[in-house]
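Heads up, the thing below is written out as structure tokens.
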Amino acid sequence: MIVALAILSLVGAARANTVSFVFEDGAETPVVGGTYTGTEDVQILSAFDDENNGGRPNFGVGTNNSPPNASLTRPLLRFNDLDVLAGLLVTAATLELTVSTVQKGSQSDIEDNTVDAFQVFDTDWVEGINEYVNGDHGGLEDRGVTWNRKNQTNHDPLEGPMWNEPGLEEGTERGTTVLGTFSYLKDDLPHQEFFGTRIYSADGVKFQLPFNADGINVIQSWIDGAPIGGFYLKAQNDVVPAGGLNYYSREGGVLGNRPRLILDVVPEPSTGLLLLGLGLGFGLNRPRRRN
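Mapping of the sequence shown onto our numbering: position 245 corresponds to residue 239, and the numbering continues sequentially without gaps.
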């Protein structure tokens, strides 16, 4: 009984020492000793499969329905330098995204949807800085990750290592285990109706993707020093004309609206304290000497 109480006391103490850290590009983060600048993010587009789009102030997840270039849109997102939390254990983790616009293109509306997060195994993808896609493979800035390549190093001719599966549809370069999800209902997004047409005004709406136990384990491995491939976001219904959401990227202008990784951590249990507790327990359970 006393041993159980001692263990519960240690667990309670750990919970009492829970600290939250927020990793957002441009934000002051004391644990890194100043401003955090470790985020990399990009969207890859099926309709512009040889163009980089890493420099945009916002990215989409779902589909972009604007003809003639209706496109699947899938973001990649990486938070580097998490090893500054080495020695701490993650108890909860959340990815927060801030909506900029709803992407319904020429369609009359979007559909309800759920977004899943997966682990990217490959660490060689390069964010790139190209802001606009135009169907002609861009210019000298059009280098970095694309739908087809993890790092496009030249575009005339096209060069650079390919993904095993375009768009990371499947393959060995990203996981298939869902690390966390968030869902949205179109009727819950701020909107108005004008003559039968729905106009959304969702700028600033925040969605939080809580990571499950698998997601927490992945993040913990990065804290412990494993190479960071990042996250891959994919809508469960990402076929045209499902539509989707645009959210602010790390290049988004307003601090507080950029992607945020929120981690609750506690100190690792002290081996010494645990051994002391066990030793105390063994001592209490010794048979008493008979007089």
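Don't be surprised by glycine CBs; every beta carbon is placed ideally from N, CA and C.
ask   = Going by Cα to Cα distance, which pick from Ala80, Leu173, Thr85 is closest to Gly219?
value = Ala80
message = Considering only the alpha carbon of each residue, which of Phe15, Gln230, Thr117, Leu249 lies closest to Ala86?
response = Measuring from the Cα of Ala86, the nearest candidate turns out to be Phe15.
query = Apart from the five residues on each side of it in sequence, which residues of its chain come closer than 7 Å, Cβ to Cβ, to Val13?
reply = Val259
key: Buried/exposed call for Ser286, threshold 16 Cβ in 10 Å   = No information on residue 286 is available, as it lies outside the stretch -5 to 285 that the chain covers here.
query = CA-CA distance, Gly238 and Val127?
reply = 18 Å
ask   = From what residue to what residue does the alpha helix (DSSP H) around Val212 run?
value = 207 to 217
Own chain, CB closer than 6 Å to Leu183, minus 5 neighbours either side, in chain order = Tyr194, Ala196
request  = With distances taken Cα to Cα, identify the nearest neighbour of Tyr241 among Leu257, Phe201, Asn211.
outcome  = The shortest CA-to-CA distance from Tyr241 to any of Leu257, Phe201, Asn211 is the one to Phe201.
query = Going straight from the alpha carbon of Pro261 to that of Leu255, what length do you get?
reply = Approximately 19 Å between the Cα atoms of the pair.
ask   = Which one of Val26, Gln113, Gly190, Thr88 has the shortest CA to CA distance from Asp103?
value = Gly190
task = May I have the straight-line CA-CA distance separating Gly271 from Ala207, to the nearest angstrom?
result = The predicted model places Gly271 with a pLDDT of 41, which falls under 50 and marks its position as unreliable; any figure quoted below should be read in that light. Spanning the two alpha carbons is a distance of roughly 28 Å.
inquiry  = On the criterion of 16 or more Cβ atoms from any shown chain inside 10 Å, does Ser243 qualify as buried, or is it exposed?
reply    = buried
task = Take the Cβ of Asn11 as the centre, count every other Cβ of all protein chains shown within 10 Å, and call the residue buried at 16 or more, exposed below.
result = exposed
inquiry  = Tell me the DSSP secondary structure of Pro69 in three-state form.
reply    = strand
key: Test item: CB-CB of Thr140 and Phe42 under 9 Å   = yes
task = Measuring alpha carbon to alpha carbon, tell me which of Phe53, Thr166, Ile213 ends up nearest Pro221.
result = Ile213
inquiry  = Quick check on the DSSP output: the beta strand (DSSP E) that includes Val16 runs from which residue to which?
reply    = 13 to 17
key: CB of Thr108 within 9 Å of CB of Asn211, strictly   = no
Run of the beta strand (DSSP E) containing Glu90, from where it starts to where it stops = 82 to 97
inquiry  = Our contact map puts Arg168 next to Tyr226 with C-beta atoms below 8 Å; I'd like the distance itself, whole angstroms only.
reply    = 5 Å
ask   = Do you know whose CA, among Thr92, Ile217, Glu159, lies nearest Val25's CA?
value = With distances taken between Cα atoms, Val25 lies closest to Ile217.
ask   = Under 9 Å, do Asn46 and Ile123 count as touching if we go by C-beta distance?
value = yes
Per-residue DSSP class, three states only, for Pro261 = strand
request  = Confirm, please, whether the CB-CB distance from Gly224 to Gly174 is below 9 Å.
outcome  = no
inquiry  = In this structure, how does DSSP classify Asp77 when only helix, strand and coil are distinguished?
reply    = In this structure, Asp77 counts as helix in the three-state DSSP scheme.
request  = Have a look at Asp106 and Pro263 and give me their C-alpha separation to the nearest angstrom.
outcome  = 43 Å
For Gly27 and Pro253, the rounded distance between their alpha carbons = Here the alpha carbons of Gly27 and Pro253 stand approximately 20 Å from one another.
message = By the three-class DSSP mapping on this structure, what secondary structure does Pro204 have?
response = strand
message = Just to confirm before moving on: does the CB-CB distance between Gly49 and Thr67 stay below 9 Å?
response = no
ask   = If you scan the region 18 to 51 from start to end, which runs of the beta strand (DSSP E) of 3 or more residues do you find wholly inside it?
value = 33 to 39
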